[in-house]
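With the working numbering as the guide, the letters of the sequence shown map in order to residues 368 to 628. Glycine residues also receive a C-beta, built at the ideal position from the N, C-alpha and C atoms. Since this is a predicted model, take the numbers as computed values, not measurements. Just below is one structure, and these are the notes that go with it.
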Amino acid sequence: MRFICFLICFFPLWVTAGNFPDDWGKTGHRTTAEVASYYLTPVARERINSLLQGKSLALVSNFADDIKSDERYRALDPWHYVNFPLDKGYKDQSPSASGDIAQAIGKCIRVLKDPASDREEKEFHLKLLIHFIGDLHQPLHIGRAEDKGGNDIQVRWFSRGTNLHRVWDTEMIESFDMSFTELSQNLPVVTPEEVIEIAKGDYMDWMQDTRKITSEVYNSARVGEKLGYRYMYDHFDTVRWQLLKGGIRLAALLNEIFNEP
Ligand code: ADE
Ligand code: ZN
Ligand code: ZN
368 MRFICFLICF FPLWVTAGNF PDDWGKTGHR TTAEVASYYL TPVARERINS
418 LLQGKSLALV SNFADDIKSD ERYRALDPWH YVNFPLDKGY KDQSPSASGD
468 IAQAIGKCIR VLKDPASDRE EKEFHLKLLI HFIGDLHQPL HIGRAEDKGG
518 NDIQVRWFSR GTNLHRVWDT EMIESFDMSF TELSQNLPVV TPEEVIEIAK
568 GDYMDWMQDT RKITSEVYNS ARVGEKLGYR YMYDHFDTVR WQLLKGGIRL
618 AALLNEIFNE P
């Protein structure tokens, strides 16, 4: 009888915990946000600091994931990603009515630029934007609908069962075992000219740039494959580049938004 009660009480928890979709793990989002903070202009830094009431970009970078367990924010779940066929472009289909990462970023920018938005609205959408620019750089967040961006592709990470999406969100970054401050200082080294090159374009171009890697990521593992050291060796540099690009581009976007008079 006790066992039955235990099952009834905890089975739903166990099921949801196993399927809980997250994004670049906490360390990934904090790293991208930390990098962005290095590249802010003094004016943007000051205005952002005031909106966030002194909290760092890294601290608020996981807010959009933290509110997923609050049902008032259920409608924001599809805002973290977009799925379309690998041989198609984003604009080849009509935008999803429930929203996607591109629509979400567009909305955040509009709210932040609108003089009519109130302080709270701006703070909320700034936190979301810091998170979504991170997600925009995870190749499986610009994925394929049929496998939910790799969430349905089961693989092993060392001895544990996981899926390809989680390998890219979390497993590689956690295995590297650096704090976000350490990782943000151990990304690829770039010249000022390269920084300018990376920051060029808008978020639709950046989504397209991430998409260039998505097929490669899908081809990197077979269902059920055991991934580990070799996989890290082959793919962790790509993760480090994506975290860096996300940070530089987030700063470029925030500088554009917050330097306006
Ligand atoms: N759920 C469905 N598709 C997804 C994706 N590409 N990324 C994260 N979660 C998803
Ligand atoms: Zn996310
Ligand atoms: Zn994810």
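Under the three-state reduction of DSSP, Trp524 is assigned to strand.
Short note on Ala566: C-beta not closer than 7 Å to any heavy atom of ligand 2. Judged by beta-carbon spacing, His602 lies beyond the 8 Å limit of His508, meaning their Cβ atoms are not closer than that value. A Cβ-Cβ distance of about 6 Å is found for the pair Ile615 and Val562, placing them in contact under the 8 Å criterion.
Between ligand 1 and Tyr448, a heavy atom-to-CB distance of less than 7 Å is present.
Residue environment for Gly510: buried (at least 16 other C-beta atoms within 10 angstroms of its C-beta). Taking C-beta atoms as the reference points, Gln575 and His504 fail to come closer than 8 Å.
DSSP places Val478 in the helix class (H, G or I) of the three-state scheme. From the listed residues Asp389, Arg397, Val410 and Thr398, the smallest Cα separation to Pro628 is found for Val410.
The Cβ neighbour count for Lys480, taken over all protein chains shown within 10 Å, is under 16; the residue is labelled exposed.
Taking a 10 Å sphere around the C-beta of Pro506, we find 16 or more other C-beta atoms and assign the residue as buried. Shown here for Glu623: not one same chain residue has a beta carbon closer than 6 Å to its own, the five before and five after excluded.
With respect to the 8 Å criterion, Ala464 and Phe499 are not classified as neighbours on the basis of their beta carbons.
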